[in-house]
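Numbered per this note's numbering, the sequence shown spans residues 39 to 166.
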Amino acid sequence: MIKTDLSDVYRDYIACLNKQDWPKLGQFVDDEVIHNGRRLGLSGYLEMLERDFADIPDLYFNVQMLISDPPYIASRLGFDCTPKERFLGLPVNGRRVSFAENVIYEFRNETIVEVWSVIDKAAIEAQL
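As structure tokens, then:
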């Protein structure tokens, strides 16, 4: 897979998330996907995303940086949102916060098989 193709697949995946187009999620995420070392599978990954959108109704994934080195994508995602209650153990309670997530994805056959994700919790703490 060439770099531009994988980048396009990734941007389509992010669009799927932002539209909450869950029937299409399986086009981008493997049935046995692993997230931060835990095998969630597609159903567990979907549950995680649905929970995120329930807890943060205005959640929107904004790609700020994207590096493609197939079969990997590294991305810095920016968020400016209002979690309803606690977020990452912090009492956000409806306040608007801005933060970033640094994520590395491993792809196989144009689907995500593993995800490593780190959210900048310190940026949220500084805003509270």
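Glycine included, every Cβ here is placed at the ideal spot set by N, Cα and C. Model, not experiment: these values are computed from the prediction.
- Message: Please report the straight-line C-alpha distance between K159 and Q58, rounded to a whole angstrom.
- Response: The residue labelled residue 159 in the question sits at position 121 within the sequence shown. The residue labelled residue 58 in the question sits at position 20 within the sequence shown. Between K159 and Q58, the alpha-carbon positions lie close to 24 Å from each other.
- Item | Top-ranked residue by Cα proximity to I52, from C119, P61, F66 | Residue 52 sits at position 14 when you count from the first residue of the sequence shown. Among C119, P61, F66, the Cα nearest to that of I52 belongs to F66.
- Rank L97, G64, T149 by C-alpha distance to the C-alpha of S136 and give the top, closest one. Position 98 of the sequence shown, counted from the first residue, corresponds to residue 136. Of the candidates L97, G64, T149, the one whose C-alpha sits nearest the C-alpha of S136 is L97.
- Message: Would N74 and S155 qualify as a contact pair, given that the criterion is a beta-carbon distance under 7 Å?
- Response: Taking the first residue of the sequence shown as 1, we reach residue 74 at position 36. Taking the first residue of the sequence shown as 1, we reach residue 155 at position 117. Going by C-beta atoms, N74 is nearer than 7 Å to S155.
- Query: What separation, rounded to the nearest whole angstrom, lies between the Cα atoms of M86 and W60?
  - Reply: Working through the sequence shown from its first residue, we reach residue 86 at position 48. Working through the sequence shown from its first residue, we reach residue 60 at position 22. CA-CA distance, M86 to W60, rounds to 12 Å.
- For N100, which option in L63, L115, P108, A92 has the closest C-alpha, if you only look at C-alpha atoms? In the sequence shown, the residue the question calls residue 100 occupies position 62. Of the candidates L63, L115, P108, A92, the one whose C-alpha sits nearest the C-alpha of N100 is L115.
- At which residues does the alpha helix (DSSP H) containing R89 begin and terminate? If you number the sequence shown from 1, residue 89 lands on position 51. DSSP places R89 in the uninterrupted alpha helix (DSSP H) bounded by 79 to 93.
- Message: Quick check: the Cα distance between Y110 and S81, rounded to an integer number of angstroms?
- Response: Counting from 1 along the sequence shown, the entry for residue 110 is found at position 72. Counting from 1 along the sequence shown, the entry for residue 81 is found at position 43. Between Y110 and S81, the C-alpha separation is close to 22 Å.
- Message: For a test of the three-state rule: what should DSSP assign to R134, helix, strand or coil?
- Response: By 1-based counting over the sequence shown, the position of residue 134 is 96. R134: coil per DSSP, three-state reduction.
- Item | Reduced DSSP secondary structure (H/G/I, E/B, other) of G75 | Residue mapping note: residue 75 aligns to position 37 of the sequence shown, counting from 1. Secondary structure at G75: coil, using DSSP grouped into helix, strand and coil.
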